[in-house]
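Take a look at the structure set out below.
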Amino acid sequence: IAQVVAQPLQWHLSTGGRSATIRIVTPQAAKLLAMIPEKEPPDMSKFLLSPMPGLLVRLNVAVGEKVEAGQELAVVEAMKMENSLRAEQDGIIAKCLVETGQNLVSDQAIIEFE
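In this note's numbering, the protein residues as written are 6 to 119.
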């Protein structure tokens with residue numbers, strides 16, 4: 006048994022935990038689509054990102070400070086709960102991009118690492 010969802014110019018099929026999207030185009034359109042470059046997402050590995058919208062309650066680091074993996078870098082309050090944001094790896098703080106008391110959106114950069 007498969008689930009099929011028809012959309013303009015493509016079909017999405019799923020069965021047994023696997024899924025595939027099938028795009029139906031003319032041969033000429035396929036040639037044109039092959040020429041369109043795919044945009045790579047920017048490298049955000051050097052940034053601490055806000056995981057959710059909220060208020061930056063505390064920023065526990067300063068520019069130039071060395072941090073260790075697991076160290077608390079900032080605290081974001083969302084839905085009346087404080088969420089501790091910790092370093093995933095050792096590094097040095099290059100820039101603090103926001104200030105305490107600032108409202109954040111999801112995936113907003115808070116800190117940049119060297």
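The C-beta atom is built at its ideal place from N, Cα and C for all residues, glycine as well.
None of the values given here were measured: they were computed from a predicted structure.
Contiguous beta strand (DSSP E) assignments of at least 3 residues, all confined to the stretch 32-98:
List check, beta strand (DSSP E) in window: 52-54, 59-64, 77-83 and 86-91.
Would you check whether the ligand MN has a heavy atom nearer than 7 Å to the C-beta of P58?
With respect to the ligand MN, the structure shown offers nothing to examine, as it has no ligands at all.
Any idea what DSSP makes of V110, helix, strand or coil?
Three-state DSSP puts V110 in coil, outside helix and strand.
Can you list, in chain order, the residues of its chain with a C-beta nearer than 6 Å to that of F52? Leave out the 5 residues immediately preceding and following it.
The answer, listed in chain order, is A114 and E117.
Could you say which of T105, C101, K71 and Q107 lies nearest to Q94 if we only look at CA atoms?
Ranking T105, C101, K71 and Q107 by Cα distance to Q94 puts K71 first.
Rounded distance between the beta-carbons of E77 and N65, thought under 8 Å:
Sure, about 6 Å apart at Cβ, within 8 Å.
Got a sec, what are the start and stop residues for the beta strand (DSSP E) T20 sits in?
Taken as a continuous stretch (DSSP letters only), the beta strand (DSSP E) holding T20 covers Q15 to T20.
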